[in-house]
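In the UniProt record's numbering, the protein residues as written are 1 to 225.
Read through the structure below, which is laid out as structure tokens, and then see the notes.
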């Protein structure tokens, strides 16, 4: 929940307290009032949140050169179908002409039981130069059993030195919200992120309407070399 959301919830609870103050009320009844206030605000907040993909903000003045280098996935929200399972990392390179490419690794499970190491390659283009953080990614699996294709690749936020949050939506609902999408939380350090940055990440997860949908990504060093 955002700081603003928490503040509004406190106000709602205080309002309930104001209604019952000075009146005889049991502890159980008071708890019920507080619970109802919390439910009311949660519903109000959910209705007010805009989950239209085009409304999502991305990193301002995104700089590919600062973004380049090695990143490790710490958490992910999977799309439908096959997706990298664990030990996910990506190495980004910016060519002389400014084009960004990437090589990524991870383990993937095939047929529900066969876990293999997967190598992927990707190239990035920027459809609108005024929004460099909104890219289109063309990717290829470097083996016949891995898929190839293309997805949007948006950098929602990054400080370049510690963390990055990427997002892709493959299909939209009629209301403009995402029907099938995925997101990755990256870190320069495979061991994790400090608490202050974790709070930023949680805030961004809410902003892209994926709060509570992420799962941790194991980084055991299996594919380090």
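Glycine is no exception: its CB is placed at the ideal position from the N, C-alpha and C atoms.
>> Would the stretch 118 to 128 count as touching the stretch 141 to 151 if we require 3 or more Cβ pairs under 8 angstroms?
In response: yes
> Between 131, 175 and 126, which lies nearest to residue 137 when the distance is taken from Cα to Cα?
Replying inline: 126
> Going by DSSP, which residues form a beta bridge with residue 165?
Replying inline: 157 and 185
> Based on Cα-Cα distance, which residue from 183, 70 and 144 lies nearest to residue 161?
Replying inline: 70
> Three-state secondary structure (DSSP) at residue 216?
Replying inline: strand
>> Using the three-state DSSP reduction, which class does residue 116 fall into: helix, strand or coil?
In response: strand
>> Does the structure place the stretch 99 to 113 close enough to the stretch 199 to 211 that three or more beta carbon pairs sit under 8 angstroms?
In response: no
> Grouping DSSP H, G and I as helix and E and B as strand, with all else coil, what is residue 91?
Replying inline: strand
> If you compare alpha carbons, which of 88, 64, 75 and 82 is closest to residue 95?
Replying inline: 64
>> Can you look up residue 66 in the DSSP assignment and give me helix, strand or coil?
In response: helix
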